[in-house]
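Single-structure report; data block below.
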Amino acid sequence: MSIITLTTDFGTKDHFVGAIKGTIYSELPDARIVDITHEISPFNITETAYILRNAYKSFPEGSIHIIGVDSELNDDNKHIAIKLDNHYFICPDNGVISLLASEVKPEKIVEINIHDRFESVFPVLDVFVKVACHISRGGTLEVIGKIIPDYKKLVEVQPTISADKSTISGNIIYIDNYGNTISNINQKLFQEIGRGRDFEVIANNYSFKKIYNKYSDFIDFSLPKEQRQKDGTKLALFNSANYLEIAVFRSNLNTVGGASTLLGLKYRKVITIKFN
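Residue numbers in the sequence shown follow the working numbering, run continuously in steps of one, and reach 629 at the last position.
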């Protein structure tokens with residue numbers, strides 16, 4: 354039986370997550386449910402996309418991913434089910450799938466049309482769960498919806514490149530638990546556009562002329578400990594998801610602070626890479 358994952362902005366205080374799991378178990382007693390997170394910032398689509406993009410590939414092929422962020426059904430926000438990279442995603446058509454599908458083309462997309470069977474004010478529970486259980490039983494997407502050619506694109510999750518390819522402009526799309534700030538500029542794009550040229554990363558009023566591959570790369574371990582760089586050092590790196598991150602070494606939001614606060618890098622703040 355396929356694993357069913359849950360990614361929502363519901364938090365854990367209220368009854369929502371428990372009700373979703375209970376309904377799945379009522380339909381599929383042997384279901385395997387994994388919480389990716391329920392702590393998405395409310396209605397934050399880009400944060401959802403970033404987290405899910407970096408989580409789903411760790412699951413077996415055939416896994417079913419329910420995305421419950423900004424999921425209310427209306428004329429601008431349809432519900433879709435997608436087969437992508439041999440995984441299934443059940444979500445609102447609000448652009449959340451854009452980052453996941455930026456490098457892998459969906460194999461099949463359907464607009465879910467089971468809503469006419471009942472009224473729902475809790476679509477993740479009443480609709481998404483039913484679709485997930487249908488797929489888990491081996492059902493096809495065509496049964497629960499009509500095939501559509503495309504999904505809504507979320508432009509803000511994609512960086513832009515100047516006409517002369519001298520600049521990449523991106524935005525902060527996620528702030529992690531340590532206050533480190535992640536942009537939508539990935540290492541592949543940096544290498545394709547930069548082609549080995551010198552560069553400068555500009556983030557607010559700060560600039561970086563080197564990008565590290567891990568947090569401690571900037572430390573000279575040949576020096577005595579008292580002479581090495583200290584906690585709180587600002588740096589740029591490509592993180593484990595291969596996205597450009599502006600970080601503070603060993604940041605602690607309760608003491609030293611993080612890049613989001615110390616450098617004023619809030620959500621959607623512009624990050625620019627200029628090549629020479």
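Ideal Cβ placement from N, Cα and C applies to all residues, glycine included.
The residue from I357, S394 and S411 with its alpha-carbon nearest to that of Y378 is I357. If you check the CB distance, S519 and T513 do not come in under 7 Å.
Taking the Cα of V482 as reference, the smallest distance to any Cα among S604, E380, A594 and Y596 is reached at E380.
Annotated three-state conformation of D388 is strand, per DSSP.
Spatial neighbours of I433 in its own chain (CB-CB distance under 7 Å, excluding positions within 5 residues in sequence) are listed in chain order as C444, D446, I462, V463, E464, I465 and Y504. Look at A485 here: in three-state DSSP terms it is helix. Non-local C-beta neighbours of D551 in its own chain, meaning closer than 8 Å and more than five positions away in sequence, comprise K562, F628 and N629, ordered along the chain. Of the candidates N533, P577 and T625, T625 places its Cα closest to the Cα of N558. Close CB contacts of N539 within its chain, under the 6 Å cut and outside five residues either way in sequence, are with N595 and Y596 (chain order).
About 18 Å separates the Cβ atoms of V480 and I500, ruling out a contact at the 8 Å cut-off. Bounds of the beta strand (DSSP E) holding L597 are Y596 to V601. H368 counts as exposed, since fewer than 16 other beta carbons sit within 10 angstroms of its beta carbon.
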